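**Student:** Numbering (the working numbering) for the sequence shown: 37 to 682.
Cβ atoms here follow ideal geometry from the backbone N, Cα and C, with glycine treated the same way.
Please read all numbers here as calculations on a predicted model, not as lab measurements.
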Amino acid sequence: MNIKNTQLSYGAFVSKNSTTFKIYAPKSTHAYLVIFDSPEAETGTEYEMVKNENGDFTVELNDAGIGTYYGYRLEGPLNDPDVIIADPYSKAAVTQNSMRHVAKSLIIDDHYDWDGDSWMEMDPHDLIIYEMHIRDMTTHPTSTAKQKGTYLGLIEPVQNGGIEHIKSMGINAVQILPVQEFANVEVPYKDKTAPVYNDWNPYSRNHWGYMTTFFFAPESYYATDGTDVPDSWNGTDGRAVKEFKDMVKSFHNEGIAVIMDVVYNHVSNYDWHPLKYIDKKSYFRLDENGEYIAHSGCGNDTRSEHPKMRQLILESLKYWMLEYHIDGFRFDIGNLIDAETRQLIIDELQALNPNVIILAEPWGNGYDPQGFSDMGWSSFNDQFRDGLKGSTWDINDKGFLFGQFRENDDQQFLQRLVMGSLRDYGGQYVQSIHSVNYLECHDDYTFGDRLRITGGFVDKDEKITNKKTNALVEGRLLDMSKLGALFLFTSQGIVFMHEGQEWARSKVIAATHAPDDHVGIIDHNSYEKDNDTNWLNWNERKMNSELVDYYKGLIEFRKQYSEFRHSEPSDFDFMDVGENVAIAYLLKEKFIVILNGEEEHTLDINLPTGQWKILVDGKKVLLENQETLTGELSVPSSTGLVLIRN
37 MNIKNTQLSY GAFVSKNSTT FKIYAPKSTH AYLVIFDSPE AETGTEYEMV
87 KNENGDFTVE LNDAGIGTYY GYRLEGPLND PDVIIADPYS KAAVTQNSMR
137 HVAKSLIIDD HYDWDGDSWM EMDPHDLIIY EMHIRDMTTH PTSTAKQKGT
187 YLGLIEPVQN GGIEHIKSMG INAVQILPVQ EFANVEVPYK DKTAPVYNDW
237 NPYSRNHWGY MTTFFFAPES YYATDGTDVP DSWNGTDGRA VKEFKDMVKS
287 FHNEGIAVIM DVVYNHVSNY DWHPLKYIDK KSYFRLDENG EYIAHSGCGN
337 DTRSEHPKMR QLILESLKYW MLEYHIDGFR FDIGNLIDAE TRQLIIDELQ
387 ALNPNVIILA EPWGNGYDPQ GFSDMGWSSF NDQFRDGLKG STWDINDKGF
437 LFGQFRENDD QQFLQRLVMG SLRDYGGQYV QSIHSVNYLE CHDDYTFGDR
487 LRITGGFVDK DEKITNKKTN ALVEGRLLDM SKLGALFLFT SQGIVFMHEG
537 QEWARSKVIA ATHAPDDHVG IIDHNSYEKD NDTNWLNWNE RKMNSELVDY
587 YKGLIEFRKQ YSEFRHSEPS DFDFMDVGEN VAIAYLLKEK FIVILNGEEE
637 HTLDINLPTG QWKILVDGKK VLLENQETLT GELSVPSSTG LVLIRN
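#1: Hey, is the region 214-229 in contact with the region 597-606, meaning 3+ C-beta pairs nearer than 8 Å?
#2: Below 8 Å between beta carbons: does that hold for GLY426 and ASP433?
#3: Please tell me whether VAL210 and ILE295 are closer than 8 Å, where the distance is taken between their beta carbons.
#4: Looking only at its chain, what residues have a beta carbon closer than 7 Å to the beta carbon of ILE144, apart from the 5 residues adjacent to it on each side?
#5: Name the one or two DSSP bridge partners that GLN132 has.
#6: Taking LEU114 as the reference, which of TYR319, ASN389 and ALA396 has the closest Cα?
#7: What's the gap between the Cα of ILE689 and the Cα of PHE287?
#8: Measure the C-alpha to C-alpha separation of LYS182 and ASP640 and round it to an integer number of angstroms.
#9: With a floor of 3 residues, list each beta strand (DSSP E) that falls wholly inside the region 513-586, ordered by position along the chain.
#10: How many whole angstroms separate the CB atoms of ASN301 and ASP363, which I take to be in contact at a CB cut-off of 8 Å?
#11: Quick one: Cα of ASP123 to Cα of SER256, how far?
#12: ARG275 lies in the alpha helix (DSSP H); which residues open and close that run?
#13: Look up PRO254 in the DSSP assignment and give the residues it is bridged to.
#14: Taking the C-alpha atoms as reference points, what is the distance between SER598 and ILE393?
#15: Name the residue from PRO266, GLY536 and TYR239 whose alpha carbon lies nearest to the alpha carbon of THR548.
#16: Enumerate in chain order the residues of its own chain whose CB-to-CB distance from HIS560 is below 7 Å, with the five nearest sequence positions on each side excluded.
#17: For GLN183, which three-state DSSP category applies?
#18: In chain order, what residues of the same chain have a beta carbon less than 8 Å from the beta carbon of TRP413, not counting five sequence neighbours either side?
#19: Of all the options GLY492, ASN90, ASP653 and ILE680, which has the alpha carbon lying nearest to the alpha carbon of PRO672?
#20: Is there contact here, the region 262-272 with the region 133-149, by at least three beta-carbon pairs under 8 Å?
#21: Whose C-alpha, out of TRP356, SER670, LEU651 and SER674, is nearest the C-alpha of THR664?
#22: How should TYR621 be labelled, buried or exposed, when 16 other C-beta atoms within 10 angstroms of its C-beta is the threshold for buried?
#23: Would you identify the three-state DSSP class for ILE680, choosing helix, strand or coil?
#24: Any idea if THR645 is buried or exposed, counting beta-carbon neighbours within 10 angstroms, 16 or more meaning buried?
#25: On the premise that LEU590 lies in contact with ALA540, defined as a C-beta separation below 8 Å, what is that separation, rounded to the nearest angstrom?
#26: Counting pairs of beta carbons, one from the region 621-639 and one from the region 666-680, are three or more of them closer than 8 Å?
#27: From what residue to what residue does the beta strand (DSSP E) around TRP648 run?
#28: Going by beta-carbon coordinates alone, are SER517 and HIS361 separated by less than 8 Å?
#29: Please specify which runs of the beta strand (DSSP E), each continuous and at least 3 residues long, are wholly inside the region 311-380, giving them in chain order.
#30: ASP433 by DSSP, collapsed to three states: which one?
#31: Output needed for GLY536: all residues of its chain with C-beta closer than 6 Å, excluding positions within five of it in sequence on either side, in chain order.
#32: Which parts of the region 474-503 are runs of the alpha helix (DSSP H), unbroken and 4 residues or longer, counting only runs that do not cross its ends?
#33: What did DSSP end up calling ARG601 once you bin it into helix, strand or coil?
#34: When DSSP labels each residue in this structure, what does GLN43 get in the three-state scheme?
#35: Out of curiosity, what's the CA-to-CA distance linking SER51 and SER542?
#36: Since SER51 is in the alpha helix (DSSP H), which residue starts that stretch and which ends it?
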């Protein structure tokens, strides 16, 4: 597929002899282009811009080409003339490590040799998505990557993590936590002179990136010249643009699709976000007092229904597809994006690439997986997640993996999950591919830690004195981890897993310079920690190789047998499991799947007539040299099996 570049409505447009600058600021009376000599400069040479009847300001310069730093100063009833803002359509941004995320726009040469690269053509039924954070994958001291914590470090060959690990697992899609330029630094901790008194974030950081500032620019902290030194500048030469493209191309060369986690529903409370200083009434939802609404719970909610905000969202998405060859998007708090914009998103993105991957976090001032499904969107299935391990909001709530049915859950509920949570059977989705099945994501406790805490292996407030012992997965914890994985990989829908899930990763709050009273406790919300708490410890992968190999085997198993991706409800014949917290079924007369969630009780099953071979048991995935069974089968507690007809 030939990908053509897109033309944006606003920004800096470089031609052979000049550069034209264009910004939309209809309420401003005057606008000035500011050209800076350096990233550090606080003032620059100003050029008055011309306003047209549509509210666009433009100016053309002959001597402002590649490498130029610029911004805008606006005057008007909604503007602060003392704040020079960067271009909201910046293709590259130079940003300061400060609470205000002071920024300048950088004109770059965005030509790139893709060597024939295009989007991955992938059936959504076949997706096995691995959610990861750029820095987490290579920053820990156990990583052998040379350019740690960077786009290029992630794709270095012959390393013990990064892309090499993802390839070895058989993953075919990665979902990367936000990489649109975001506000990394938050309010200083317990500083009474700050505009907001921060008594909740001793790190004064945002690690996960859910505070987008520039929707067209890649995060420069992950470039090879990235720095976290206070008040220093990131992105001074724009290299993040090329390095991000190198990363995408490398994943594509390995047959791995790239999905971006994008945040269009809110912005940071504290940064000098251009849209706030241009016209907050147009770009943000406000209450009757003119104050920002925060249904996101994270900051200032954007007004996606406004034509210009809608235009920005659509142009941004198409820009990442066309300029960076992005295969799909996961929309943070997707329900805060208005329905008309959501419909335009899927219509216009599929017009570019019919195989585009569109996933929604279906929360945001309500919960609406059905509405997303009606539009053709996939969304994250919290019923799958909570049905297996228990409610995310109640650490004492126990689901299937703890040998219990939650209120309103039963065997029919489990049957619905494995069939794809289809609406015709009481589920949320029109099609099974609209169900993103998962056990954990970046939010809340990891799956492994939820099993540790709810299973009584450790208390949620306990100080972990031996991290190695805590991280070791064995005995019943290993059995439950494997059973959850087997349930996930034998269910219809999209498979989603989080970095480190394959070794039941534990997030223990690491000791750092930050005055955190919770050091040593298992973390349920590590959004602010750019440290060992989040960085992947590759020794723990080696230590838990049995579980890693089990996940790897399940990935290959799912790829090899399409029945676990492409079956319909009519292909399922459910078997009698008595009153047990269990499920067993015959699939297409070819496979038997047995999942016993009981904590203590063995499940006895009479096998259908014929000979059956074990493909998966509680120990390993056996794609070769399987044992043959007939007659009655006893399945131990917290164990699953998959059999194939001989």
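**Tutor:** So, from the listed chains and residues:
#1: Not touching, per the Cβ criterion.
#2: Cβ distance < 8 Å, so GLY426 and ASP433 count as in contact.
#3: Yes; because the gap between Cβ atoms is below 8 Å, this pair is in contact.
#4: For ILE144, same chain residues with a beta-carbon under 7 Å away, outside a window of 5 residues either side, are ILE102, LYS127, ALA128, GLY274 and VAL277 in chain order.
#5: DSSP, once it has assigned bridges, lists TRP269 as partnering GLN132.
#6: Scanning TYR319, ASN389 and ALA396 for the CA closest to the CA of LEU114 turns up TYR319.
#7: The displayed coordinates of the chain run from 37 to 682. Any statement about residue 689 would go beyond what the structure contains.
#8: LYS182 and ASP640: Cα-Cα distance of roughly 53 Å.
#9: Under the rule that a run must span 3 or more residues, the beta strand (DSSP E) segments found entirely inside the region 513-586 read 530-534.
#10: That pair is no contact at about 22 Å.
#11: Straight-line spacing of the CA atoms in ASP123 and SER256 works out to 16 Å.
#12: Unbroken alpha helix (DSSP H) run through ARG275: 275-289.
#13: In the DSSP output, where bridge partners are listed per residue, PRO254 has GLN216.
#14: Each residue's Cα considered, the two are about 20 Å apart.
#15: For the residues PRO266, GLY536 and TYR239, the minimum Cα distance to THR548 belongs to TYR239.
#16: Closer than 7 Å at the Cβ level, and outside the excluded window around HIS560, lie ASP480 and TYR481.
#17: Residue state, collapsed to three classes: coil.
#18: So the list reads GLY370, ARG378, ILE382, ILE394, LEU395, ALA396 and HIS470, once near-sequence residues are dropped.
#19: Residue ASP653 is the option with its Cα nearest to PRO672.
#20: Touching, per the Cβ criterion.
#21: Of TRP356, SER670, LEU651 and SER674, the smallest CA-CA separation from THR664 is found for LEU651.
#22: TYR621 is buried by the Cβ-count criterion.
#23: DSSP places ILE680 in strand when its eight states are reduced to three.
#24: The Cβ neighbour count for THR645, taken over all protein chains shown within 10 Å, is under 16; the residue is labelled exposed.
#25: Actually they do not touch by this definition, with Cβ atoms about 14 Å apart.
#26: Flag = yes, the region 621-639 and the region 666-680 touch.
#27: 648-652 is the span of the beta strand (DSSP E), which, as asked, contains TRP648.
#28: Contact: no.
#29: Runs of the beta strand (DSSP E) inside the region 311-380: 364-367.
#30: Three-state result, ASP433: coil.
#31: The residues are LEU572.
#32: Complete alpha helix (DSSP H) runs here, min 4: 483-490.
#33: If DSSP states are grouped into helix, strand and coil, ARG601 belongs with coil.
#34: For GLN43, the secondary structure class from DSSP, reduced to helix, strand or coil, is coil.
#35: Their backbone Cα atoms lie some 52 Å apart in a straight line.
#36: Taken as a continuous stretch (DSSP letters only), SER51 belongs to no alpha helix (DSSP H), as it is neither H nor E.
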